[in-house]
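Inspection log for the structure reproduced underneath, given as structure tokens.
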Amino acid sequence: MVKEYDFKNIVAPLLKWYRSNKRTLPWRITPTPYRVWVSEIMLQQTRVEAVKDYFIRFMDALPTVEALAGCEEEKLLKLWEGLGYYSRARNLQKAAKDILVRFDGKFPTTAKDLQTLAGIGEYTAGAICSIAYGQRVAAVDGNVLRVTARLSENPTVITDREYRKNLTERLTDAYPDVGGDCADFTQSLFELGALVCKPMNPDCGVCPLAKLCRARENGTQKLYPVLPEKREKRREDVYVFLIETDEGFCIRRREQGVLKGMNEFPTHIIQEGESAESVLNEWGMYAFTEIKRKNYRHIFTHIIWNITCVWIKTDAAPFDCYALDEIEEGISLPTAIKQCVDILT
Ligand code: SF4
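If you're matching positions, the sequence shown starts at 194 in this note's numbering and goes up one per residue.
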């Protein structure tokens, strides 16, 4: 039985620490619901440093919900190129269209309404409501789970749904009453997890919550949070074909599997006994010259691709072809596929 931890006690020291230590981040300047939303979606699975430039570029190009809703898909994906997990960008646009239609263009103001939009779950709704609207709604992400598990020495596996639900409720109860404090409290928890209570080496010596932390008191920081057992990633051997014709390089849309709906250089998951030649023959290509090959690896969340990039030249191909500078400027390609271009240098 875990001894109950009172999160109300952390509010004052954490707010004080945050106000003198917070980083200046682009989305913290004018935190409108739209800006908070886009930043939170970008920050899922992506480091803060990597997101900064993307966020600025995205806001310059699409500064409003209306602009996002009306953006051409190819332009949207180009703005997202390199961030990965492209379904996030598609969901952003789907939700923006929905805001125009269902909410008459007004950004929803409650966590309940926000969670009816594509790609917005309990966490993102909590972040928007507390940061942009100053509401007393907790937002529990990986940083918050880590900090709170250490503070309270909670032995529950942090992916446990009931645990997260309970933690969200208890943190919400601890929220301050003033709007600006709510916004800062949410961000102070994120910030402490990112800068001080880091996954591997928590910097307890400078932590504003050191005196309130059970893990620090007992030297058990490394035991928390309790993570689920790791599942082995699936491995796939993949051909990425750089097919060069007089018109340029072949591009097509992925119709299934990981990266479904994205542009690609024609790609094929290799089955036992298949050669590059046999795959090209399957696609109706018999006359081609192989120029070069290159091997590299790309790691997705659940899959590892062992990629063999094959550069061939041919007179005719069964896919649309584009000049290289046209691809660079106007066609978004996922990083796993785009890396293949290095073979040309
Ligand atoms: S004292 Fe250490 S373990 Fe506890 S919250 Fe602070 S940084 Fe994390």
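In this text, a Cβ means the ideal position worked out from N, Cα and C, and glycines have one as well.
By the Cβ-count criterion, HIS495 is exposed, with fewer than 16 other Cβ atoms from all chains shown falling within 10 Å of its own Cβ.
In this structure the segment 219 to 226 does not touch the segment 405 to 424; the number of beta carbon pairs closer than 8 Å is below three.
Between PRO226 and ILE313, the CB-CB gap reaches or exceeds 8 Å. Shortest Cα-Cα distance from ALA367 to any of VAL534, ASP535, ALA205 involves ALA205.
Contact annotation: the segment 445 to 465 does not touch the segment 373 to 384, with fewer than three C-beta pairs closer than 8 Å.
Contact between VAL330 and LEU382 does not hold, since the beta-carbon distance rounds to 13 Å and is not under 8 Å.
Per DSSP, reduced to three states, the secondary structure at LYS426 is coil, with no helix or strand assignment.
If you draw a straight line from the Cα of LEU473 to the Cα of TYR479, it comes to about 7 Å. The beta carbons of CYS533 and VAL451 sit no closer together than 8 Å. The three-state reading of DSSP puts ASN488 in strand, counting E and B together. A residue is called buried when at least 16 other Cβ atoms come within 10 angstroms of its Cβ; PRO301 meets this threshold and is buried. Just measuring C-alpha positions, the residue of GLN308, SER323, GLN328, LYS391 sitting nearest ARG343 is LYS391. Note that the C-beta distance between GLU440 and CYS514 is below 8 Å.
In the DSSP assignment, ASN474 forms no beta bridge with any residue. The beta carbon of LEU360 sits closer than 7 Å to those of VAL333, THR341, all from its chain and outside the five residues before and after it, given in chain order. Counting other Cβ atoms within 10 Å of its Cβ, ARG228 reaches 16 or more and is therefore classed as buried. Proximity of the beta carbon of LEU344 to the ligand SF4 is indicated: a heavy atom of the ligand is located closer than 7 Å. Under DSSP, GLY441 forms a beta bridge with THR438. Between the segment 249 to 260 and the segment 497 to 517 there are fewer than three C-beta pairs closer than 8 Å, too few to call the two in contact. By the C-beta density criterion, GLU266 is exposed, having fewer than 16 other C-beta atoms within 10 angstroms. Considered as a whole, the segment 353 to 377 harbours 354 to 367 as its complete alpha helix (DSSP H) runs of no fewer than 4 residues, in chain order. If you ignore the 5 residues before and after GLY275, its C-beta comes within less than 7 Å of the C-beta of THR528, all in its own chain and listed in chain order. Around the beta carbon of GLY454, a 10 Å sphere encloses fewer than 16 other beta carbons of the protein chains shown; the residue is thus reported as exposed.
Only buried fits GLN328, as 16 or more other CB atoms lie within 10 angstroms of its CB.
Judged by the Cβ position, VAL389 qualifies as a neighbour of the ligand SF4 at the 7 Å threshold, a heavy atom of the ligand being closer than this.
At a threshold of 7 Å, VAL340 counts as near the ligand SF4, since its beta carbon sits closer than that to one of the ligand's heavy atoms. Residue pairing by DSSP puts LYS506 in a beta bridge opposite GLU437, THR482.
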